[in-house]
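Residue numbering for the sequence shown follows our numbering, beginning at 143 and increasing consecutively.
Heads up, the beta-carbon is just placed ideally off N, CA and C, and yes, glycines get one too.
Down below is the structure, laid out as structure tokens.
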Amino acid sequence: MIFTIRMMTFHFSQSCVRVMLDRIVRSCCTSTSRVRVRFAPSPTGDMHIGSLRTALYNYLFAKKFNGSFVLRIEDTDQTRLVPGASERILETLQWAGVGPDEGPYLGGNYGPYVQSQRTELYEQHAHTLLKTGAAYKCFCTDTRLQLIRKDALRNGQVPKYDNRCRGLSPSVTENRTDPYVIRLKLSEDDVTFHDGIHGPVTLNISETEGDPIILKSDGFPTYHLACVVDDHLMDITHVLRGVEWQVSTPKHLMLYDALGWTPPKFLHLPLMLNKDGTKLSKRQGDISISKLREDGYSPTTLLNFLILAGGGFGKQTGDTFYTLPEIVEKFSPDELNANSCQLDMERLPQCSRLELHSRLSSSSGCDDTVNELQDRLCQKYGSRLSSGVVTGAYLLRVLHESKERINCVQDLLHPSLEYIWLDPENVDLDESYDDCRRATKELCRQLQLLADDVLHREDVTRLMRQTSGESKVKHARFMRFLRHLLSGLKEGPGVGEMMSILGKKVTLDRLSKGLSRSQTESEDSVATSR
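Structure follows, in structure tokens:
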């Protein structure tokens, strides 16, 4: 085929023309200058907070540069798949407010976004590497590989493949019918690359690794081939991933070079450690996103907590709460940490309390918080709820009265606070309280004289002490009786605190009903004694 440009004639083979046209089409149909990042989890269980951190920084990077955030499911290890995990990953990201722009169940121009649906692509590129001599077929059995490993360990050496099949000629391997894998030929030279967080990095992986498998005998790729092929074909411009993958980057760069592709830029996020310096593990129950959601932590609380561990926001003291748009605005990739960061789970409640106070400081935030509390109450207690406790006014008062003692809305559903939502159950009093009943009637009369429905703790505490004194009732005994009428509890919060949370209407209603109940119990007791 002949191309003539400005009087110059060029001769190209048909295969060369196809490659040129493919590149022209790709450059016209996609904007490779536009930032494209990806979050590529394996669907092997619930997401944990480390995975959410990786997703968050990819999301922030994309939004900061008006780019695209891609979700890709890496399910090539079929033995570890958990049914439904892929769907839960997407749902978790969307719940957290960092939903992807493209991905499975969402669509996009670069699909499919699930690796098990792209196996033909990996096989094609693996065989391309075979043809160019950058890779080779390996016929070593699992038994032989295990023996190599045992020998190395016995001799105090690093266990690695001995590259035995690298020297087999193509004429020999083509005629063999036994199972094989495809391995990449590693370079023995140092590999230097620029890490967007760590700066220049030089590694020589051939000293500690043999030639890695890139295509398994079942036709599925390993992580190394799949991620390189996908990142290239999906036009990923920046790879933000955990620093544990930094050691694999030389392999990936060798694959890019062997396939004739330009690699993306790499940024390896710092390792996340526990407060005691141990490595974070997804086996820790307290870092599962599903567990944190059950505990009542909101998406924005988790995001504020995560930006304390990883950098990108300058020095953070943890005493300021940011909305997601503010987090995007303040994010600076240049300030990402290179050093490992400790995740102090004890700071999570503090972040949650900051959010609660922030929400309750605005009208819209109050409405959202009241609605959340209503939903949680109805879901947990249903028809057992006391009359009037799910009204907006009642819930808002409870929230404002409790905000210094709780970290999140879920805390208000603790068993010790059920008195706020449920009518007290009958609890037999172990002695006569006639004196307390008379004092309670007087207290109710005094409470009715108060102008509004709000009961201030200091005021009712003073009023109760005054009433017990004038009625000549021991104050501790009077408090025990009132607590019983209000909550059915023999022990619990201070009575003044209870009344300030319940408000005048509910307080008077419960005291009135309680007096009737205790009077009946007293009369029954007298009748029985006769």
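Would you kindly work out how many angstroms separate the C-alpha atoms of residue i and residue j, rounded to a whole number?
i, j, result
"K273", "T285", "28 Å"
"N346", "S329", "9 Å"
"E316", "R325", "15 Å"
"D418", "F408", "29 Å"
"S169", "P405", "Any reading at S169 needs caution, since the residue's pLDDT is 40, under 50, leaving its predicted position unreliable; the model's value is listed next. Near 16 Å, if we compare the C-alpha coordinates of P405 and S169."
"L591", "T462", "42 Å"
"S173", "G209", "Only weak support is given to the placement of S173: the predicted model assigns it a pLDDT of 43, under 50, and the question is left unresolved by the model."
"R180", "V637", "55 Å"
"D576", "L585", "14 Å"
"I215", "L223", "11 Å"
"C158", "T261", "Unreliable placement is indicated for C158, whose pLDDT of 40 sits below 50; the coordinate value is still reported in the next sentence. Each residue's alpha carbon lies about 25 Å from the other."
"N703", "N416", "For the chain, the structure presents residues 143 to 672; residue 703 sits outside this window and is missing."
"E233", "G438", "17 Å"
"A227", "I429", "17 Å"
"T459", "D304", "51 Å"
"V88", "K433", "There is no way to answer for residue 88, as the model of the chain reaches only from 143 to 672."
"K616", "E600", "19 Å"
"K472", "S348", "41 Å"
"D188", "Y255", "19 Å"
"D651", "E612", "23 Å"
"H598", "L538", "15 Å"
"L163", "Y247", "Because L163 sits at a pLDDT of 36, beneath the cut-off of 50, its placement in the model cannot be relied upon, and the following sentence gives the value as read from the coordinates. Each residue's alpha carbon lies about 31 Å from the other."
"R383", "V371", "17 Å"
Where does residue i land, buried or exposed, given buried means 16+ other C-beta within 10 angstroms?
i, result
"C550", "buried"
"V212", "buried"
"K205", "buried"
"G352", "buried"
"I166", "Low local confidence applies: a pLDDT of 38 at I166 is under 50, so the model's placement there is unreliable, and no value is given."
"Q299", "exposed"
"E244", "buried"
"T596", "Per the sequence shown, the amino acid found at residue 596 is Val instead of Thr. Answer is exposed; the Cβ neighbour count stays below 16."
"Y365", "buried"
"D373", "buried"
"E468", "exposed"
"P321", "exposed"
"R318", "exposed"
"Y278", "buried"
"H190", "buried"
"R291", "exposed"
With distances taken from CA atoms, which of the options is nearest residue i?
i, options, result
"L564", "D594, K522, D510", "K522"
"I678", "S348, P363, G630", "The structure shown does not extend to residue 678, since the chain is modelled only from 143 through 672, so no value can be given for it."
"R659", "F203, R230, F623", "F623"
"T196", "H410, I643, G630, C307", "H410"
"P225", "R214, L198, T186, P467", "T186"
"I683", "D577, V323, L235, R214", "Residue 683 is absent from the structure shown; the chain starts at 143 and stops at 672."
"M414", "P405, G209, C483", "C483"
"L589", "L653, L490, Y536", "L653"
"L559", "Y575, L527, G245", "L527"
"V540", "I562, H556, G298, G638", "I562"
"G192", "T442, L310, K421", "K421"
"V602", "M621, K614, V615, S613", "M621"
"V385", "L401, G338, W403, V370", "G338"
"L555", "Y536, K472, C520", "C520"
"L466", "G241, D217, T221", "G241"
"L141", "A276, L194, P183", "Since the first and last residues shown for the chain are 143 and 672, residue 141 lies out of range."
"D217", "L194, S258, R178", "S258"
"L631", "T533, E612, P566", "P566"
"R587", "L537, R383, T649, V532", "T649"
"R178", "M376, S184, L485", "M376"
"Y536", "H267, I231, L515", "L515"
"K358", "P557, T283, V381, H598", "T283"
"G530", "L644, A268, G634, K292", "L644"
"V470", "P183, S184, L198, L194", "L198"
For residue i, which beta-bridge partners are listed by DSSP?
i, result
"M673", "Nothing can be reported for residue 673, as the shown portion of the chain is limited to 143 through 672."
"D337", "G341, F408"
"R178", "S210"
"R325", "Y278, I355"
"G253", "The partner list for G253 (beta bridge, DSSP) is empty, contrary to what the question assumes."
"L478", "G453"
"R195", "Paired residue(s): none; R195 is not in a bridge."
"K421", "L415"
"E244", "V212"
"S430", "H190"
"R383", "H410"
"P363", "L357"
Segment contact flag, the stretch 604-612 with the stretch 581-590, C-beta cutoff 8 Å, min 3 pairs: yes
Count the CB pairs spanning the stretch 496-503 and the stretch 538-548 that are closer than 8 Å, and state whether there are at least three. yes
Are the stretch 471-478 and the stretch 505-517 touching by the rule of at least three beta carbon pairs closer than 8 Å? no
Would the stretch 485-499 count as touching the stretch 434-454 if we require 3 or more Cβ pairs under 8 Å? yes
Is it true that the stretch 383-392 meets the stretch 333-340, where meeting means three or more beta-carbon pairs spaced less than 8 Å apart? yes
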